Amino acid sequence: MTLLLTNARIATMDGGYGLTHGSVLIEGDRIAAMGEVSVPGAEVVDCGGRLVTPGLVDCHSHAVYAGSRAGEFEARLTGASYEEIARAGGGILSTVRAVREASEDDLIAQSLPRIDAMIAGGATTIEIKSGYGLTVEAEMKMLRAARRVAALRPVRVVTTHLAAHAVPPDYKGRPEAYIAEVVLPSLRAAHAEGLTDAVDAFCEGIAFSPAELEPLFAEARALDLPVKLHAEQLSDLKGAVFAARHKALSCDHVEYIGPDGVAAMAAAGTVAVILPGAFYTLRETQAPPIEAFRKAGVPMAVATDLNPGTSPVASLPLAMNMACTLFRMTPEEALLGTTAHAARALGLTDRGSIAPGRLADLVVWDTDHPADLSYRIGWAKPHARIFGGRLA
Ligand code: DI6
Ligand code: FE
80 MTLLLTNARI
90 ATMDGGYGLT
100 HGSVLIEGDR
110 IAAMGEVSVP
120 GAEVVDCGGR
130 LVTPGLVDCH
140 SHAVYAGSRA
150 GEFEARLTGA
160 SYEEIARAGG
170 GILSTVRAVR
180 EASEDDLIAQ
190 SLPRIDAMIA
200 GGATTIEIKS
210 GYGLTVEAEM
220 KMLRAARRVA
230 ALRPVRVVTT
240 HLAAHAVPPD
250 YKGRPEAYIA
260 EVVLPSLRAA
270 HAEGLTDAVD
280 AFCEGIAFSP
290 AELEPLFAEA
300 RALDLPVKLH
310 AEQLSDLKGA
320 VFAARHKALS
330 CDHVEYIGPD
340 GVAAMAAAGT
350 VAVILPGAFY
360 TLRETQAPPI
370 EAFRKAGVPM
380 AVATDLNPGT
390 SPVASLPLAM
400 NMACTLFRMT
410 PEEALLGTTA
420 HAARALGLTD
430 RGSIAPGRLA
440 DLVVWDTDHP
450 ADLSYRIGWA
460 KPHARIFGGR
470 LA
């Protein structure tokens, strides 16, 4: 099957926009060639001068979950803080209750509308974390549901084990025991079933300290799984320094990171995943140190962090807009953040840019200007989508 996109404004996203005008030739599920190519017999899609980008990569989401947290949204607007709600047994733990009660099929059914919204925003690869089960079986259920999403929708799914997301009530005050008795066994079981591509944890005062996470990252290394970390979202526990020591693919949130964390990430080649949806929803005031990341050469990704508590955001273009407006990232950085740098945050080299040999996951946008993807609030929509070499 040969597909030829013609008259395209191509943002290759190789180090920057890398704009060129011409055609993209797709053979099978891969990009075969670019430039002024013409191939007899190919199915031709005239892009009419529109922008073509790599399919967007959402490298941080909690899109598979059950239940609703709309009531907490209302409570926060009348004064309760996110941490107060969490300490009172709401927050993450209220979603945990809903996930434990849901069957795997129900979990998928409740999650598909969110997946569809992510796809509608231009995503062709999405990362999905566990972390709302907090028992061996419920974590496995989440990861199985996440894997099944890829068979139900035209999207690639990367799964991440996040059992170290919160301490469940039956382990209250005993985080080490929870790690030893639930997190490590669930990671081994998930790995044995091929259910997880990476290991993540929430390093925070309301969750786990670096010392408590040491056995988890040691186990990840033993299983040859890459690690990443929710680090420095609400305070500076030196999670980034810890994660960089374990050669983490990414540190995510990083609002409160210090110069030591930035330097450690730069030395380890760790990506900073910027999550403005959570910052916006929590009405945080401390922005991540974008200029320090730039100066140190730390690649920045941008993701939705789609989750029921702190970031009910499904659209990557909206996250890009927030990254620009709230954090002064440039639209070029924001697009690198949802393409090349997001792929890197997942340890993937076969996508995130347009070049021969890459996966033919592409989006044709209803604009010819790449900054429009960040600039337009709520109406940066794909005109067409190519997934695995086919219009989908
Ligand atoms: N950081 C977050 O922002 C989300 N998880 C995390 O580790 C919040 C998840 C939730 O509130 O349900
Ligand atoms: Fe998150």
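Each number in my numbering corresponds to the 1-based position in the sequence shown with 79 added.
Where is the CB? At the ideal position from N, CA and C, for every residue including glycine.
The structure displayed is predicted, hence computed values, not measured ones.
(Q) Let me check you understand the geometry: is the CB of residue 331 closer than 7 Å to at least one non-hydrogen atom of ligand 2? (A) yes
Q) First and last residue of the beta strand (DSSP E) that includes residue 240? A) Following the DSSP letters along the chain, one finds residue 240 inside the beta strand (DSSP E) bounded by residues 235 to 243.
Q) Do residue 190 and ligand 1 come close, with the Cβ less than 7 Å from some heavy atom? A) no
(Q) Only counting the same chain, and skipping five residues up and downstream in sequence, which positions put a Cβ closer than 6 Å to that of residue 148? (A) Only 387, 388 meet the Cβ criterion.
Q: Write down the C-beta distance between residue 405 and residue 359 rounded to the nearest angstrom, noting that I regard them as a contact closer than 8 Å.
A: 6 Å
Q. Do you know offhand how far residue 182's Cα is from residue 262's?
A. Here the alpha carbons of residue 262 and residue 182 stand approximately 21 Å from one another.
Q) Is the distance from the Cβ of residue 351 to the Cβ of residue 197 below 8 Å? A) no
Q: Would you please state the rounded distance, in angstroms, between the beta carbons of residue 283 and residue 309? I believe it to be under 8 Å.
A: 7 Å
Q) Residue range of the alpha helix (DSSP H) that residue 406 falls in? A) 395 to 406
Q. Under a three-way DSSP split, which group does residue 472 fall into?
A. Because the chain in this structure spans residues 80 to 471, residue 472 falls outside the shown range and cannot be described.
Q | Spatial distance of residue 343 from residue 119 (CA atoms) | A | Cα atoms of residue 343 and residue 119: separation of roughly 52 Å, rounded to the nearest angstrom.
Q: Determine the contact status of residue 467 and residue 429, defining contact as a CB-CB distance below 8 Å.
A: no
Q) Which residues are close to ligand 2, meaning CB closer than 6 Å to any heavy atom, in chain order? A) 139, 141, 309, 384, 386
Q.
Closest to residue 319 by C-alpha separation, out of 297, 300, 301, 347, would be which residue?
A. 347
Q) Should residue 222 and residue 245 be called a contact, given that it needs their Cβ atoms to be closer than 8 Å? A) no
(Q) Looking only at its chain, what residues have a beta carbon closer than 6 Å to the beta carbon of residue 200, apart from the 5 residues adjacent to it on each side? (A) 394, 395, 396
Q: Please go through the stretch 150 to 216 and give each complete beta strand (DSSP E) segment of 3 or more residues, from N-terminal end onward.
A: Entirely contained in the stretch 150 to 216, the beta strand (DSSP E) runs reaching 3 residues are, in chain order, 202 to 208.
**Q.** Expected contact under 8 Å - CB spacing of residue 294 and residue 259 to nearest Å
**A.** 7 Å
Q) Who are the near neighbours of residue 164 in its chain, counting only those whose CB is closer than 6 Å to its CB and skipping five residues on each side? A) Non-local beta-carbon contacts of residue 164 in its own chain, meaning distances under 6 Å to residues more than five positions away in sequence, involve 151, 170 in chain order.
Q | residue 441 - containing beta strand (DSSP E), residue span | A | 441 to 444
Q) Sorry if obvious, but does the Cβ on residue 472 come closer than 7 Å to a heavy atom of ligand 1? A) What is shown of the chain runs 80 to 471, which leaves residue 472 out entirely.
(Q) Threshold first: 4 residues or longer. Then list the alpha helix (DSSP H) segments lying entirely within the stretch 228 to 308, N to C. (A) 254 to 257, 263 to 271, 289 to 301
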